[in-house]
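**Q**
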Amino acid sequence: MAAILIVIIAVLGVPLLVLAVMYNLLISRRNQVQNIFGTMDAMLKKRWDLVPNLVAAVQGYAQHEKSLFENVTQARARAMGGQMSPNEMVQYDNAVSQLMGVFRATVENYPQLKAGENFLHLQRTLNELEEQISAARRAYNAAVTDYNNAVEMFPTNIIAAMFDFERKTLLEFSEQDRRNPDVGKIIR
Amino acid sequence: MKTLDELREYYDTDLKLDLADFERQRQKIVTHSMIVFGALAGAGVLVALFLMLRGLPPVILLFILIGCAIIGGVYYYIAGLDYRSGFKRIILPKLIAFVEPGLEYRPEQGISKELFRAAGLFLHSIDRYKCEDMIQGKVGKTEIAFSEVHAEYKTTSGSGKNRRTEWHTIFKGLFFIADFNKDFHGRTVVLPDTAEKLFGLFGQTLQSWNSSYGQLVRLEDVEFEKEFVVYGTDQIEARYILSPALMERILLFGRKAGKKIYLSFLGSKVFVAIPVQENMFEPKVFSSILDFNVIAEYYAQLQLGVGIVDELNLNTRIWTKE
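Chains A and B, in that order, are what the protein sequence lines are. So for the first sequence, this note's numbering puts the first residue at 219; every next one is plus one. So for the second sequence, this note's numbering puts the first residue at 187; every next one is plus one.
(1) Specify, as a first and last residue, the run of the alpha helix (DSSP H) that Leu340 (chain A) falls within.
(2) Between the region 396–424 of chain B and chain A, which residues of the former have CB atoms less than 7 Å from a CB of the latter, in chain order?
(3) Our contact map puts Tyr448 (chain B) next to Leu307 (chain B) with C-beta atoms below 8 Å; I'd like the distance itself, whole angstroms only.
(4) Have a look at B:Tyr196, B:Lys470, B:Val408 and flag the residue whose alpha-carbon is nearest the alpha-carbon of Ile215 (chain B).
(5) For Leu402 (chain B), which of helix, strand or coil comes out of DSSP?
(6) Where does Met320 (chain B) sit, in a helix, a strand or coil, going by DSSP?
(7) Within 9 Å of any Cβ in chain A, is that where the Cβ of Lys202 (chain B) sits?
(8) Residues of chain B with a CB under 8 Å from the CB of Glu349 (chain A): which are they?
(9) Any beta-carbon of chain B closer than 9 Å to the one on Ser352 (chain A)?
(10) I'd like the list of long-range same chain contacts for Gly288 (chain B), defined as Cβ closer than 7 Å, with 5 residues on each side in sequence excluded.
(11) Compute the distance between the beta-carbons of Lys274 (chain B) and Asp313 (chain B), then report whether it is under 9 Å.
(12) Using a Cβ-Cβ cutoff of less than 7 Å, which residues in the same chain neighbour Lys188 (chain B) once the five nearest sequence positions on both sides are dropped?
(13) Verify the CB distance criterion: does Asn398 (chain A) have a CB-CB separation below 9 Å to chain B?
(14) If I'm right that Val416 (chain B) touches Val458 (chain B) with Cβ under 8 Å, what's the distance once you round it to whole angstroms?
(15) Hey, would you say Leu490 (chain B) sits closer than 9 Å to Leu309 (chain B), going by beta carbons?
(16) According to DSSP, is Gly228 (chain B) helix, strand or coil?
(17) Roughly how many whole angstroms lie between the Cα atoms of Leu203 (chain B) and Ile276 (chain B)?
(18) Around the C-beta of Arg406 (chain A), are 16 or more other C-beta atoms found within 10 angstroms, so that it is buried, or is it exposed?
(19) Give the residues of chain B in contact with Ile254 (chain A), contact being defined as C-beta atoms less than 8 Å apart.
(20) For Leu289 (chain B), which beta-bridge partners are listed by DSSP?
(21) What does Glu346 (chain A) reach in chain B if we use C-beta pairs closer than 7 Å?
(22) Along chain B, in chain order, which residues have C-beta atoms closer than 7 Å to that of Arg356 (chain A)?
(23) Can you name the residues that DSSP bridges to Ser345 (chain B)?
(24) Please report the residue range of the beta strand (DSSP E) in which Pro461 (chain B) lies.
(25) In the DSSP assignment, the alpha helix (DSSP H) including Lys358 (chain B) goes from what residue to what residue?
(26) In chain B, what lies closer than 7 Å to Arg342 (chain A) by C-beta?
(27) Report the neighbours of Ala360 (chain A) on chain B: residues whose CB is nearer than 9 Å to its CB, in chain order.
(28) Assign Ala221 (chain A) to buried or exposed, taking buried as 16 or more other Cβ atoms, counted over all protein chains shown, within 10 Å of its Cβ.
(29) So, for Tyr291 (chain B): in the same chain, excluding its five sequence neighbours on each side, which residues have a beta-carbon less than 6 Å away from its beta-carbon?
(30) Can a CB atom of chain B be found closer than 9 Å to the CB of Met318 (chain A)?
(31) Between the alpha carbons of Ala305 (chain B) and Asp365 (chain B), how many angstroms are there, rounded?
(32) Using the Cα positions of Thr355 (chain B) and Thr419 (chain B), report the straight-line distance between them to the nearest angstrom.
(33) Using only the alpha-carbon positions, how far apart do Leu242 (chain B) and Leu248 (chain B) sit?
(34) When you compare only the Cα positions, how much space is there between Leu331 (chain A) and His336 (chain B)?
(35) With DSSP collapsed to three states, give me the class of Pro244 (chain B).
(36) Using a C-beta to C-beta distance shorter than 7 Å, which residues of chain B count as neighbours of Thr257 (chain A)?
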């Protein structure tokens, strides 16, 4: 009798245990993605908070970029208002990166700007945030890759299909971001 | 940091004068040691012959010669003490001050055991710890300190009369600490990779089970991943520190030095451990110090430490930390 019980427990229990382990793996990877996304979101918002300062700093100098400033300011209002999807967020963030490009070019063209204490501080803060955001993006993509691997690889893909775990998309980087930052230019 | 050519010029114009005194002292030690060795060996042979004539077995010669060699070795060591400490007191500080003016040399001091342990690179408990040849100061904007370190643990086997203690090295080499150019709060550890090299993807799985260092951080630089494994307390912070540019630099540095390197990032500082077999910054009594190659060797040892600042670009301060 006891032997039969053990067999029954083994036949039902072991697959259930395996199932639970695989399910938990998927959940933990999905949570990891969400967790990192949360941090990235916070960092991007920090950078967006700097946008008004950035615009104020260069507006007087870069007249022909006016439309860019307006677009970014409008997008910022939208972004601060509601939730954005990861990819929308990146799109907006790319626009901010473009604005930073203008900022740097302006600093290059007007050396007197570089002398200002506020300006230097702004520049350092921007570099810092950019470095942190890029780290968060890389961490996000690594977490998504881990999660996608689990969703698509055997045997966890069976559980993923059963419980509707869907593949997540990686963040796309704009051409401008993919380029290595020209450190020499920034610190000169 | 001065180049080797600049050092050569300094050596020709300045250092050589000081070295000449030391060279005379060194030659004297060598000659005296030779005489003592010769006399001991001669006396030893005579005593052995005498004893053999008295009927003792010929193996006595071997014992007596080993005894003489030990006495000679002790004499040589004691005679060289003055010379070695003088060299460390006078020549090395001059050499170091020339090569990198912001640095100071303290032969008796070293990186403390507490700091060595705090870095979190070697987790084995330490039973014996030695350190010497501390070099400390500022290179550009970066505060650095490094020294020679030897950490060991012991194992005992058997009991009673057969009890034996063996010493095993945890780490021997150069241990380096510098102020890092970014602020961070957690801990990130970069270790030479063995599992992934041997077992590929399966190795990665093995690494993720090893949680004594923290979470496994998988980075996107394939070359870097092949040679190193990274653990950290925070996935994002690890990537904040290990930017693509820094990964490249660490890879290059490891290849250039031709050594395994261990790094950890903690409390806004970077700790680097480079295993080195030989005793560094130690004058050799049996080779002439008037040979520039000997000086070049000290330069290379110095560069291994001081060079890290440039290799890892620690003087670039474009982030909020100044």
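Just so it is clear, CB atoms sit at the ideal spot from N, CA and C, and this is done for glycine as well.
**A** Working from what's here:
(1) Sequence index remark: in the first sequence, residue 340 (chain A) carries index 122 (1-based). 335–370 is the span of the alpha helix (DSSP H), which, as asked, contains Leu340 (chain A).
(2) Arg404, Glu406, Gln421, Ile422
(3) Here residue 448 (chain B) corresponds to residue number 262 of the second sequence, with the count starting at 1. Here residue 307 (chain B) corresponds to residue number 121 of the second sequence, with the count starting at 1. That belief holds up - the Cβ atoms of Tyr448 (chain B) and Leu307 (chain B) are roughly 5 Å apart, short of 8 Å.
(4) As a first step, residue 215 (chain B) must be located in the second sequence, where it is residue number 29. Ile215 (chain B) has its Cα closest to that of B:Lys470, out of B:Tyr196, B:Lys470, B:Val408.
(5) Indexing the second sequence from 1 puts residue 402 (chain B) at position 216. Three-state DSSP puts Leu402 (chain B) in a strand.
(6) Indexing the second sequence from 1 puts residue 320 (chain B) at position 134. In this structure, Met320 (chain B) counts as strand in the three-state DSSP scheme.
(7) On the second sequence, position 16 is the one that residue 202 (chain B) refers to. Lys202 (chain B) does not count as touching chain A.
(8) By 1-based counting over the first sequence, the position of residue 349 (chain A) is 131. From the beta-carbon of Glu349 (chain A), the residues of chain B found nearer than 8 Å are Lys368, Tyr426, Ser429, Trp505.
(9) Indexing the first sequence from 1 puts residue 352 (chain A) at position 134. It does; some Cβ of chain B falls within 9 Å.
(10) Reading the second sequence from its first residue, position 102 is the one you call residue 288 (chain B). Hits under 7 Å: Gly323, Lys324, Val325.
(11) As a working mapping, residue 274 (chain B) is identified with position 88 in the second sequence. As a working mapping, residue 313 (chain B) is identified with position 127 in the second sequence. No; because the gap between Cβ atoms is not below 9 Å, this pair is not in contact.
(12) Residue 188 (chain B) sits at position 2 when you count from the first residue of the second sequence. Only Phe284, Val285 meet the Cβ criterion.
(13) Taking the first sequence and counting its residues from 1, the one referred to as residue 398 (chain A) is at position 180. Low per-residue confidence applies at Asn398 (chain A): pLDDT is 42, beneath 50, and the placement is therefore not dependable, though the value from the model is reported in the following sentence. Judged by the 9 Å Cβ criterion, Asn398 (chain A) is in contact with chain B.
(14) To locate residue 416 (chain B), count along the second sequence from 1; it is residue 230. To locate residue 458 (chain B), count along the second sequence from 1; it is residue 272. Not confirmed; about 15 Å, so no contact.
(15) As a working note, residue 490 (chain B) is residue 304 in the second sequence. As a working note, residue 309 (chain B) is residue 123 in the second sequence. No, they are not a contact pair.
(16) Stepping through the second sequence from its first residue, residue 228 (chain B) is reached at position 42. Helix, per DSSP.
(17) For the purposes of this step, residue 203 (chain B) is identified with residue 17 of the second sequence, where counting begins at 1. For the purposes of this step, residue 276 (chain B) is identified with residue 90 of the second sequence, where counting begins at 1. Approximately 12 Å, taken between the alpha carbons.
(18) Here residue 406 (chain A) is taken as the residue at index 188 of the first sequence, counted from 1. Note that Arg406 (chain A) scores a pLDDT of 35, beneath 50, so its modelled location is shaky and nothing firm can be said.
(19) Position 36 of the first sequence holds residue 254 (chain A). Here the neighbours are Gln421, Ile422.
(20) Numbered from 1 along the second sequence, position 103 holds the residue referred to as residue 289 (chain B). Paired residues: B:Gly323.
(21) If you number the first sequence from 1, residue 346 (chain A) lands on position 128. Correct list: Trp505, Thr506.
(22) Position 138 of the first sequence, counted from the start, is the residue given in the question as residue 356 (chain A). Here the neighbours are Glu406, Arg425.
(23) Here residue 345 (chain B) refers to the residue found at position 159 when the second sequence is read from its first residue. In DSSP, Ser345 (chain B) forms no bridge with anything.
(24) On the second sequence, residue 461 (chain B) is found 275 positions in, with the first residue counted as 1. Element bounds for Pro461 (chain B): 455–461.
(25) For the purposes of this step, residue 358 (chain B) is identified with residue 172 of the second sequence, where counting begins at 1. First-last for Lys358 (chain B): 350–365, but that is the beta strand (DSSP E), not the alpha helix (DSSP H).
(26) Counting from 1 along the first sequence, the entry for residue 342 (chain A) is found at position 124. Taking the beta carbon of Arg342 (chain A) as reference, the chain B residues within 7 Å of it are Ile504, Trp505, Thr506, listed in sequence order.
(27) Taking the first sequence and counting its residues from 1, the one referred to as residue 360 (chain A) is at position 142. Under the 9 Å cutoff, chain B gives Val403, Arg404, Leu405, Glu406, Gln421, Arg425.
(28) Residue numbering aside, residue 221 (chain A) sits at position 3 when the first sequence is read from its first letter. Its Cβ having fewer than 16 others within 10 Å, Ala221 (chain A) is exposed.
(29) Numbered from its first residue, the second sequence carries residue 291 (chain B) at position 105. Once the five neighbours on either side are set aside, the close Cβ partners of Tyr291 (chain B) are Leu278, Pro279, Ile282, Ile321.
(30) For the purposes of this step, residue 318 (chain A) is taken as residue 100 along the first sequence, with counting starting at 1. It does not: the Cβ of Met318 (chain A) has no partner Cβ on chain B nearer than 9 Å.
(31) Start at 1 with the first residue of the second sequence, and residue 305 (chain B) comes out as number 119. Start at 1 with the first residue of the second sequence, and residue 365 (chain B) comes out as number 179. Cα-Cα distance, rounded: 13 Å.
(32) Residue mapping note: residue 355 (chain B) aligns to position 169 of the second sequence, counting from 1. Residue mapping note: residue 419 (chain B) aligns to position 233 of the second sequence, counting from 1. Each residue's alpha carbon lies about 28 Å from the other.
(33) Translated into the one-based positions of the second sequence, residue 242 (chain B) becomes position 56. Translated into the one-based positions of the second sequence, residue 248 (chain B) becomes position 62. If you take the alpha carbons of Leu242 (chain B) and Leu248 (chain B), they lie about 12 Å apart.
(34) If you number the first sequence from 1, residue 331 (chain A) lands on position 113. If you number the second sequence from 1, residue 336 (chain B) lands on position 150. Just so you know, the alpha carbons of Leu331 (chain A) and His336 (chain B) end up roughly 52 Å apart.
(35) Residue 244 (chain B) sits at position 58 when you count from the first residue of the second sequence. Of the three classes helix, strand and coil, the one that applies to Pro244 (chain B) here is coil, per DSSP.
(36) One-based indexing of the first sequence puts residue 257 (chain A) at position 39. Within 7 Å Cβ-Cβ: Ile422.
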